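Enquirer: Attaching a single structure in structure tokens format; questions to follow.
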Amino acid sequence: MRTPKDLIAVHVPSEDLGDYNLTQTGWYAMDDGGHVILGPFENLAQCDRAMRDRLQQQKL
962 MRTPKDLIAV HVPSEDLGDY NLTQTGWYAM DDGGHVILGP FENLAQCDRA MRDRLQQQKL
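Under my numbering, the first residue of the sequence shown is numbered 962, with each subsequent residue one higher.
Next comes the structure, spelled out in structure tokens:
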């Protein structure tokens, strides 16, 4: 099983979609390896909330 990694919120604009192999712009939660874990979200607050929820679930 993979070890937990830190998540960061990243806004991906349309010109960077190909860099991450994504089709929608928005906020994404990415791990420290640059892999998309959650998203897309319309705003930073939604992304942050989802990251907190995910970290809470991993602690259970």
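Every residue gets a Cβ at the ideal spot worked out from N, C-alpha and C, and that includes glycine. None of these values were measured; they are calculated from a predicted model.
1. When DSSP builds the beta bridges, which residues end up paired with residue 989?
2. Can you tell me where the beta strand (DSSP E) holding residue 979 begins and where it ends?
3. Measuring only the C-alpha atoms, how far is residue 947 from residue 976?
4. Assign residue 1021 to one of two classes, buried (16 or more other C-beta atoms within 10 Å of its C-beta) or exposed (fewer than that).
5. Per DSSP, which one or two residues make a beta bridge with residue 933?
Expert: Taking the geometry as given:
1. One-based indexing of the sequence shown puts residue 989 at position 28. Paired residue(s): 971.
2. Along the sequence shown, read from residue 1 onward, the residue named residue 979 stands at position 18. Not the beta strand (DSSP E): residue 979 falls in the alpha helix (DSSP H), residues 978–981.
3. An answer regarding residue 947 cannot be provided, because it is not within the stretch 962 to 1021 covered by the chain.
4. The residue you call residue 1021 lines up with position 60 of the sequence shown. It is exposed - the Cβ of residue 1021 has fewer than 16 other Cβ atoms within 10 Å.
5. This structure cannot settle anything about residue 933, because the visible part of the chain is limited to 962 through 1021.
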